[in-house]
Amino acid sequence: MINDKKQIDYWINGAEDDIITAEILIQRDRLLHGLFFCHLVIEKAIKAHIVKGTKEIAPRSHNLIYLSEKAKLTFEEDKDIFLGILMKYQLQGRYPDYNPVIPNKGKVLDYLNKTKELMEWLKEKL
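Heads up: the sequence shown begins at 11 in my numbering, then just goes up one per residue.
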């Protein structure tokens, strides 16, 4: 049996650290890396929900759609679309042959703000 409180804290603390990292990277024009960290933020926040709901260790997956289903989270359509957008940017950090188009900084800042909003929403739902 796992200590679910400890696991949830681990995932949420990681998400909170990673949003700071994402912001720094984006401010320094490391846009792709910043987007990668935006994905990590949401991945970790969703994994906290998985632990809460299942009392099990979260799966070693980076697929936000799969993780959301496992956590039994439902999102409005715009948030579902945003999860799909973020998933494009987690691949670049793991697979060098995948080269997404990097949006301009204004769009990336918009994604950062959406990440912050979604993270707060996920934390409130815990």
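Heads up, the beta-carbon is just placed ideally off N, CA and C, and yes, glycines get one too.
Being a predicted model, the structure only gives us computed values, none of them experimental.
For residue 58 and residue 68, what's the separation of their Cα atoms in angstroms? 8 Å
I'd like the span of the alpha helix (DSSP H) that includes residue 108, first residue to last. Segment: none, residue 108 is in no alpha helix (DSSP H) and carries neither H nor E.
Shortest alpha-carbon distance to residue 13 belongs to which of 83, 55, 65? 65
Could you compute how far the alpha carbon of residue 54 sits from the alpha carbon of residue 112? 23 Å
Let's test the definition: count the other Cβ atoms within 10 Å of the Cβ of residue 136 and tell me whether it reaches 16, buried, or not, exposed. exposed
Boundaries (first-last residue) of the alpha helix (DSSP H) holding residue 18: 14 to 37
Look at residue 121 and residue 110 and say whether their C-beta atoms are less than 8 Å apart. no
Integer-rounded CB distance, given that residue 44 should sit under 8 Å from residue 32: 5 Å
Best match in 26, 131, 108 for proximity to residue 84 [C-alpha to C-alpha]: 131
Buried versus exposed, by CB contacts within 10 Å (16 or more), residue 129: buried
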